[in-house]
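Numbering (our numbering), first residue to last: 32 to 174.
Don't be surprised by glycine CBs; every beta carbon is placed ideally from N, CA and C.
Remarks on the structure that follows.
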């Protein structure tokens, strides 16, 4: 069962079971299993193929094994955070280092968005995120 703050956020022009993200490969990284479950459940409902991992180290290994179309990375993870991960990814010599990335945060700091962009993310979304915003952001960044 999804937490109530995620229900009803699919308003706007997207309908459930849409093919908006059909075939898009997503690598989602978050230390919170509930967030990963929600990302996988919601994005796959729009056609995305979602792989989830719980740490920056796991994410780097997965990225080196196969190239996703987009990354969704939590900023605040223990040990190595999302900023460490995106810097490591951007330093890769292959095209994997150019994979678009969305940062997620539960922080309310206004400076966090600029910090995320400077670190190498394309955009920062705040938790709880709006499903329509997330789906449309993924679709636009993968174009």
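Is the stretch 67–79 in contact with the stretch 106–119, if contact means three or more CB pairs nearer than 8 Å? no
CA-CA distance, residue 140 and residue 158? Approximately 12 Å between the Cα atoms of the pair.
Using alpha carbons as the reference points, say which of 98, 117 and 146 lies closest to residue 125. 98
What residue from 67, 145 and 101 has the CA that sits closest to residue 171's CA? 101
Starting from residue 80, follow its DSSP beta bridges and name the residues at the other end. 56
Counted within 10 angstroms of its Cβ, other Cβ atoms place residue 95 as buried (16 or more) or exposed: exposed
Under a three-way DSSP split, which group does residue 107 fall into? In this structure, DSSP gives residue 107 a state outside helix and strand, which the three-state scheme calls coil.
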